[in-house]
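In the numbering used here, the protein residues as written are 119 to 302.
All C-beta atoms in this analysis are idealised placements derived from N, C-alpha and C, irrespective of residue type, glycine included.
Written out below as C-alpha cells is the structure these notes cover.
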Ligand SMILES: [Zn+2]
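Right, here's the structure in full:
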C-alpha cells in the first residue's frame, strides 16, 4: 500500500468528468490496489472521504467512512459512517438540497464552508467486489457521499455554496464555529 499525492484545487484533474470503471476491471490488481491506496491516503490525512480524481485517477471511484462496520440497507441517521468503497455511484436526492452543514476537502486544505445538501439520498453503486449495492443514507453519510460523487463530475464544494460568507480557515473554524456544527 502507498500514500498517494493529493491533487489540490487548480489541478485540472479535479475539474474533469471521471470515466466509469468497466465492471470487468474492478477485480483487477490495478483497481484493487488503487482502492487500498485511497483508503490509506484518506487515513493518513484524516479525511472522511476521498475520490479517485483527488489522487490523479480520473475514475468513478470513491472511498469514505469513519469505522469498520457492515454496510446495511440503511445507514444510521447520525454522524456514524462505515467504511465504503463505491464504484460508478448513482445518487437520487430525497428532499431539497437545502440542509446546510460544514464541509472541508483534502484538495482545498485548511478551509471550511457551509454547503447545502439533500438531507437524504438513495445510492446505487458497485462495491469493490463488483457486487451491486443499494442503500439509503442521511445526515453525515448523505453529505459525504454527495461531496465525493460531485468530485467524479469535476464539482468542488465551493461550487455548491450559496455564498462565500461562511468560508473560514481551520484555526478560526475551531475558535468560532465548531460548536455550531450540526451535520458534518
Ligand atoms: Zn473533497
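Applying the criterion that 16 or more other CB atoms from any shown protein chain within 10 Å of the CB defines a buried residue, is residue i buried or exposed?
i           : result
residue 300 : Note on residue 300: pLDDT 45, under 50, position unreliable in the model; no value is reported.
residue 119 : exposed
residue 145 : exposed
residue 262 : buried
residue 143 : exposed
residue 302 : Here the model assigns residue 302 a pLDDT of 35, short of 50, so the residue's position is not dependable, and the following value carries that caveat. Buried, since its Cβ has 16 or more Cβ neighbours within 10 Å.
residue 291 : buried
residue 137 : exposed
residue 266 : buried
residue 151 : exposed
With a Cβ-Cβ cutoff of 8 Å, do residue i and residue j count as a contact?
i           : j           : result
residue 122 : residue 155 : yes
residue 131 : residue 174 : yes
residue 141 : residue 244 : yes
residue 258 : residue 199 : yes
residue 237 : residue 213 : yes
residue 231 : residue 276 : yes
residue 239 : residue 264 : yes
residue 169 : residue 157 : no
residue 248 : residue 134 : no
residue 163 : residue 202 : no
residue 182 : residue 205 : no
residue 148 : residue 139 : no
residue 177 : residue 226 : no
Consider the C-beta atom of residue i and the heavy atoms of ligand 1; say whether any pair is separated by less than 7 Å.
i           : result
residue 176 : no
residue 285 : no
residue 161 : no
residue 129 : no
residue 265 : yes
residue 256 : no
residue 269 : yes
residue 224 : yes
Examine chain B for any beta-carbon lying closer than 8 Å to the beta-carbon of residue i, and answer yes or no.
i           : result
residue 131 : In the displayed structure, chain B is absent; only one protein chain is listed.
**Message:** Taking contact to mean 3 or more Cβ pairs, one atom from each stretch, closer than 8 Å, check whether the segment 213–227 and the segment 270–284 are in contact.
**Reply:** yes
**Asked** Curious, which full-length alpha helix (DSSP H) runs of at least 4 residues does the segment 134–220 contain?
**Response** 147–162
**Item:** Runs of beta strand (DSSP E) lying entirely within the segment 250–274, each at least 3 residues, in chain order
**Value:** 250–256
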